[in-house]
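These protein sequence lines are chains A and B, in that order. Residue 415 in this note's numbering sits at position 388 of the first sequence, with consecutive numbering throughout. Residue 140 in this note's numbering sits at position 113 of the second sequence, with consecutive numbering throughout. We treat Cβ as the ideally placed atom computed from N, Cα and C, and that holds for glycine. Quantities reported herein were computed from a predicted structural model and do not represent experimental measurements. Each remark here refers to the structure printed beneath this line.
2 protein chains.
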Amino acid sequence: LNPISDGQRSRKESRKRSGVTLPSGFTAAGVHCGIKKKKLDLAVLYSKDPCVAAGVFTENKFKAAPVLVTSKRVDEGQLRAVVVNSGNANALTGDSGLDDASEMATETAACLGLSAAEVAVASTGVIGVPMPMERIKKGIKEACSLLSSLGGGSAARAIMTTDTVPKETSVSFSVSAGTALSSGAASEKVDVTIGGMAKGSGMIRPNLATLLCFLTTDAAITKEALDKALKNSVEHSFNMIAVDNDMSTNDMVLVLANGTAGNAVIQYPSADYNEFEKRLKDVCIHLAKWVVRDGEGATKFIEINVRGARTFQDAKTTALSVACSSLVKTAMFGGDPNWGRILAAVGYSNAFVDPHQVDLWIGPVQVVRDGTAAEYSETSAKKTLSGRDISVFIDLKLGEADATVWTCDLSYDYVKVNGSYRS
Amino acid sequence: LNPISDGQRSRKESRKRSGVTLPSGFTAAGVHCGIKKKKLDLAVLYSKDPCVAAGVFTENKFKAAPVLVTSKRVDEGQLRAVVVNSGNANALTGDSGLDDASEMATETAACLGLSAAEVAVASTGVIGVPMPMERIKKGIKEACSLLSSLGGGSAARAIMTTDTVPKETSVSFSVSAGTALSSGAASEKVDVTIGGMAKGSGMIRPNLATLLCFLTTDAAITKEALDKALKNSVEHSFNMIAVDNDMSTNDMVLVLANGTAGNAVIQYPSADYNEFEKRLKDVCIHLAKWVVRDGEGATKFIEINVRGARTFQDAKTTALSVACSSLVKTAMFGGDPNWGRILAAVGYSNAFVDPHQVDLWIGPVQVVRDGTAAEYSETSAKKTLSGRDISVFIDLKLGEADATVWTCDLSYDYVKVNGSYRS
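This is the structure:
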């Protein structure tokens, strides 16, 4: 998944158009408004045209105010803007927090000439602290005024918390052209683009959209098809990663489709839908893996692939059980090919497994055959753990289903980052 | 729960009689046989009389060989001895591992003049490595020959892995005397004793007997009553602790009752049964809390009490969700009263909670009222986290059920201990 080539665009134009601002018709700006000491902390994303929208939100019962506000708006109508801040989660802030989230949307709408119902709100950062609304309102004004001069890159930086790098990506592909643009031939194609940005990097738990991620596309697509494509994409990307097994109050994955690419409206089911879902999933997987790679304190990126399960659910449950094990993660940090801990985690997952059948590889080295130690060289096994990227392959030998999840190791720095996050 | 006073026993006698060897008729010895480099690594526990036995075992599907052997024996008949080694778990060792576990029992039986079916086997340590049977057999012979000169203390040391201290305890109380001893009055009482030893201290996960624990009693009790008392005791002790959320392949809690105290056989239901269960539960809770206090890398001991839940299951689920949160545990390590992380963990548990009702105290400081920040002094809240013992109190205000769990913080040393456990 490579950034789209700059083609004939100027360097400045190229900076402006990256990630969420690469699809046509989207602009964005990230600014510093003073929630954080120095770093960018507020972003506005804007579409000149109304957008079909879909979202996946945290299942935590303590939903942050912006999650409550935005999930309602995504259900009810079209969106044209998103306002996001980092540094303060606006979570567990009661009625005044809800008022603050609404006011962020109202202020953004006023600056952009929209109705408040067209603006989604998201927040990330410390829980339980009132929002500094004066600074935020000033920041919203500034960001709205800079939409044409800044771009996706600044927005991606403004949503970071403990992330060490901004995360944005994009992809372009062809779908059927719309009648207005097509010359009449049914096979006429037109390019559409999907862009995205995400932030991690702690409180990353499977079975949820476990972070903030904003996706944009210039494709025309029905609400039903967009909902379905997002749900399926999240299931195979953000629901397949684990950093620390904690589930945030603020998680949100949002996609906005403004339909400016001139394609025939994508319906479900159709070949165009399949292509769109595949590409959206690619974007989500790319961002999800990046979140893990940049997980708090991570020194290693671990891909866990389970095959031979009786069902996809069994494969996923098994892989996530291994991915979430603190003992597996500390062993990886220590470069110890401690396969006993991996099998122990397989054994306490709820999946159906036969202890006498399981095979296990760490990198290219088969360490377990039929549930007990294979003959292997400890030196080779250790060597596979010396690099930054590690693959674990588990074959349950019971069926045809498989699943892949991504996790990172558990290091001193995870403890350090989270032992002193607020101070 | 204080050790029983030594009374008129000599100091040497007192050393011999502690923990599992305090109830009458039990002897034990712990020796060094060479599984570990220097430390004690093998223990034998022996009862001169046949014992009614009950056990709770790991639910991990990859059950270690000794778990498979012992759970079958506990189901089938009476026991007279237990042989335990540390340093090697005899887990994921296939058929030869099963042979080795059986041979440990056979060897112990031969030394003590028992049948192999009367001997339970337990192991703890590294997974997936063949047992050094020659050393172990030599150790069994030595331990059996030292039963009358060593005692519970040496056995408690011999079952340690990453534990920093041996853990043993005991309690005495009165129940109805048996007819042979009683003078005829129905109210005649006789003392019975329960002793125990346990080892932690990683792979400690709730909803399981998550460690090795051996309990002895000289009480006479039916198998049915002993099963029930152990199950209920484990439910409120070893199932209520969390160190790292990993579930071992070797967990086992075993209780042996030899009936030598001369009490009337305890039946279920009865007042004596209630007293016995209460005392057994006390012993289990004492050992369980000790396991947490000595958890890998632990610098703080945290008691989490949830009240006002609709059901006990809801209270327990909520408390364990908080206890297992890496973010809560690192915040505790850092002395940060980050109540947002605590409520986030309450919110992602499966329990029924109303976000607008929850109250939360850290120590004596109420930090949350009705789901949002209470007015409190950050300095006072921080101060409550400066000591080694921390209490967290959560009131869901929805019902009458409550539960208490115990956990420890997540420190650099947890990562250190587990990043290099095998090397």
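DSSP bridge partner residues for Leu-239 (chain B) (one or two, in chain order) | What you label residue 239 (chain B) is simply residue 212 of the second sequence in a count that begins at 1. Leu-239 (chain B) pairs with B:Lys-226 and B:Met-279.
Taking only the alpha-carbon atoms, compute the straight-line gap between Ser-223 (chain B) and Phe-241 (chain B) and give it to the nearest angstrom.
-> Taking the second sequence and counting its residues from 1, one reaches residue 223 (chain B) at position 196. Taking the second sequence and counting its residues from 1, one reaches residue 241 (chain B) at position 214. According to the sequence shown, residue 223 (chain B) is Gly rather than Ser. Going by the C-alpha atoms only, they are around 6 Å apart.
By Cβ distance below 6 Å, which residues in the same chain neighbour Gly-324 (chain B) in space, the five residues on each side in sequence not counted?
-> Position 297 of the second sequence, counted from the start, is the residue given in the question as residue 324 (chain B). Excluding residues within five positions, the ones whose Cβ falls inside 6 Å are Ser-438, Asp-440, Tyr-441 and Val-444.
Identity of the residue in A:Ala-246, A:Ser-201 and A:Gly-166 nearest Ala-185 (chain A) by Cα = Sequence index remark: in the first sequence, residue 185 (chain A) carries index 158 (1-based). Checked all of A:Ala-246, A:Ser-201 and A:Gly-166; the closest Cα to Ala-185 (chain A) is A:Gly-166.
Reduced DSSP secondary structure (H/G/I, E/B, other) of Val-442 (chain B) | Within the second sequence, residue 442 (chain B) is the residue found at index 415, counting from 1. Helix, per DSSP.
Selected residue, minimal CA-CA separation from Pro-190 (chain A), among A:Ala-204, A:Thr-151, A:Ser-353 and A:Ala-256 = Mapped onto the first sequence, residue 190 (chain A) falls at position 163. Pro is not the amino acid found at residue 190 (chain A); the sequence shown has Asp there. Of the candidates A:Ala-204, A:Thr-151, A:Ser-353 and A:Ala-256, the one whose C-alpha sits nearest the C-alpha of Asp-190 (chain A) is A:Thr-151.
Would you check if there are 3 or more beta carbon pairs closer than 8 Å linking the segment 42–61 of chain B to the segment 176–183 of chain B?
-> yes
Quickly, what does DSSP pair Phe-200 (chain B) with across the bridge? List them, please.
-> The sequence position of residue 200 (chain B) within the second sequence is 173, counting from 1. Answer by DSSP bridge pairing, in chain order: B:Val-219.
Is the beta carbon of Lys-327 (chain B) less than 9 Å from the beta carbon of Leu-425 (chain B)?
-> As a working note, residue 327 (chain B) is residue 300 in the second sequence. As a working note, residue 425 (chain B) is residue 398 in the second sequence. Contact flag unset, no.
Determine, using beta carbons only, whether Asn-112 (chain B) comes closer than 9 Å to chain A.
-> On the second sequence, residue 112 (chain B) is found 85 positions in, with the first residue counted as 1. By this cut-off, Asn-112 (chain B) is not an interface position.
Grab the span of the beta strand (DSSP E) containing Asn-377 (chain A) for me, first residue to last.
-> As a working note, residue 377 (chain A) is residue 350 in the first sequence. Boundaries for Asn-377 (chain A): no beta strand (DSSP E) harbours it, and the DSSP string shows neither H nor E there.
If we ignore side chains and look at the alpha-carbon of each, how far apart do Ala-288 (chain B) and Tyr-300 (chain B) end up?
-> Indexing the second sequence from 1 puts residue 288 (chain B) at position 261. Indexing the second sequence from 1 puts residue 300 (chain B) at position 273. Rounded to the nearest angstrom, the two C-alpha atoms are 15 Å apart.
Proximal residues, the segment 65–98 of chain A versus chain B, C-beta separation under 9 Å | Thr-85, Glu-86, Asn-87, Lys-88, Phe-89 and Lys-90
From A:Cys-78, A:Leu-119 and A:Gly-124, residue whose alpha carbon lies closest to that of Asp-102 (chain A) | Working through the first sequence from its first residue, we reach residue 102 (chain A) at position 75. That would be A:Cys-78, whose Cα lies nearest to the Cα of Asp-102 (chain A).
Would you verify that the beta carbon of Val-192 (chain B) is, or is not, closer than 9 Å to some beta carbon of chain A?
-> As a working note, residue 192 (chain B) is residue 165 in the second sequence. Chain A contact via Cβ: absent.
Residues of the segment 433–446 of chain B with a CB closer than 7 Å to any CB of chain A: list them in chain order, please.
-> Leu-437, Ser-438, Tyr-439, Val-442, Asn-445 and Gly-446
What is the DSSP secondary structure of Thr-431 (chain B), reduced to helix, strand or coil?
-> In the second sequence, the residue the question calls residue 431 (chain B) occupies position 404. The answer is strand: DSSP assigns Thr-431 (chain B) an E or B state.
Sorted by chain position, which residues of the same chain lie with C-beta nearer than 8 Å to Asn-259 (chain B)'s C-beta, five sequence neighbours on each side aside?
-> By 1-based counting over the second sequence, the position of residue 259 (chain B) is 232. Closer than 8 Å at Cβ, skipping near neighbours: Glu-304 and Lys-308.
Length of the line joining the Cα atoms of Asn-332 (chain A) and Thr-196 (chain B) | Locating residue 332 (chain A) in the first sequence gives position 305, where the first residue counts as 1. Locating residue 196 (chain B) in the second sequence gives position 169, where the first residue counts as 1. Cα-Cα distance, rounded: 45 Å.
Is Gly-414 (chain A) buried or exposed, if buried means 16 or more other CB atoms sit within 10 Å of its CB?
-> Residue numbering aside, residue 414 (chain A) sits at position 387 when the first sequence is read from its first letter. Answer is exposed; the Cβ neighbour count stays below 16.
Helix, strand or coil for Asp-422 (chain A) per DSSP?
-> Looking up residue 422 (chain A) in the first sequence gives position 395. The answer is strand: DSSP assigns Asp-422 (chain A) an E or B state.
Name the residues in the segment 396–426 of chain B whose C-beta lies less than 9 Å from a C-beta of chain A; which are they?
-> Asp-397, Gly-398, Thr-399 and Ala-400
Answer with buried or exposed for Glu-427 (chain B), where buried requires no fewer than 16 other C-beta atoms within 10 angstroms of its C-beta.
-> As a first step, residue 427 (chain B) must be located in the second sequence, where it is residue number 400. When all chains shown are included, Glu-427 (chain B) counts as exposed.
Taking the beta strand (DSSP E) that Val-292 (chain A) falls in, what are its first and last residues?
-> For the purposes of this step, residue 292 (chain A) is taken as residue 265 along the first sequence, with counting starting at 1. Looking at the DSSP string, Val-292 (chain A) is not in any beta strand (DSSP E), and its letter there is neither H nor E.
If you drop the 5 nearest sequence neighbours on each side, which residues of the same chain put their C-beta closer than 7 Å to that of Val-110 (chain A)?
-> Residue numbering aside, residue 110 (chain A) sits at position 83 when the first sequence is read from its first letter. Cβ-Cβ distances below 7 Å link Val-110 (chain A) to Val-71, Met-131, Ala-132, Thr-135, Val-146, Val-148 and Ile-167 in the same chain, with the five nearest sequence neighbours on each side left out; the list follows chain order.
In chain order, each beta strand (DSSP E) run of at least 3 residues that lies wholly inside the segment 72–117 of chain A | 106–115
Have a look at Thr-19 (chain B) and Thr-85 (chain B) and give me their C-alpha separation to the nearest angstrom.
-> Nothing about residue 19 (chain B) can be reported from this structure: the residues present for chain B run from 28 to 450 only.
CB contact below 9 Å: Ile-186 (chain B) versus chain A = Position 159 of the second sequence, counted from the first residue, corresponds to residue 186 (chain B). No, no contact with chain A.
In the DSSP assignment, find the beta strand (DSSP E) that holds Arg-334 (chain B) and state where it starts and stops.
-> Here the question's residue 334 (chain B) lines up with position 307 in the second sequence. Counting along the chain, the beta strand (DSSP E) containing Arg-334 (chain B) begins and ends at 328–336.
So is Ile-154 (chain B) in contact with chain A if we call contact Cβ pairs under 9 Å?
-> Taking the first residue of the second sequence as 1, we reach residue 154 (chain B) at position 127. Closer than 9 Å to some Cβ of chain A, the Cβ of Ile-154 (chain B) qualifies, so yes.
So with Cβ pairs under 9 Å, would you call Asn-266 (chain B) a contact of chain A?
-> Residue 266 (chain B) sits at position 239 when you count from the first residue of the second sequence. Answer no: the Cβ-Cβ gap between Asn-266 (chain B) and chain A never drops below 9 Å.
Can you tell which of A:Ile-154, A:Pro-93, A:Met-187 and A:Leu-119 has its C-alpha closest to the C-alpha of Leu-67 (chain A)?
-> For this step, residue 67 (chain A) is matched to residue 40 along the first sequence. Measuring from the Cα of Leu-67 (chain A), the nearest candidate turns out to be A:Met-187.
To the nearest angstrom, report how far apart Ala-378 (chain A) and Thr-54 (chain A) are at their CA atoms.
-> As a working note, residue 378 (chain A) is residue 351 in the first sequence. As a working note, residue 54 (chain A) is residue 27 in the first sequence. Spanning the two alpha carbons is a distance of roughly 45 Å.
On the three-state DSSP scale, how would you describe Leu-177 (chain B)?
-> Numbered from its first residue, the second sequence carries residue 177 (chain B) at position 150. DSSP places Leu-177 (chain B) in coil when its eight states are reduced to three.
Kindly say whether Pro-382 (chain B), judged by its beta-carbon, lies nearer than 9 Å to any beta-carbon of chain A.
-> Here residue 382 (chain B) is taken as the residue at index 355 of the second sequence, counted from 1. For Pro-382 (chain B), the nearest CB of chain A lies under 9 Å from its own CB, placing it at the interface with that chain.
Could you tell me the boundaries of the alpha helix (DSSP H) in which Ala-315 (chain A) lies?
-> Position 288 of the first sequence holds residue 315 (chain A). From DSSP, the alpha helix (DSSP H) with Ala-315 (chain A) extends over 298–320.
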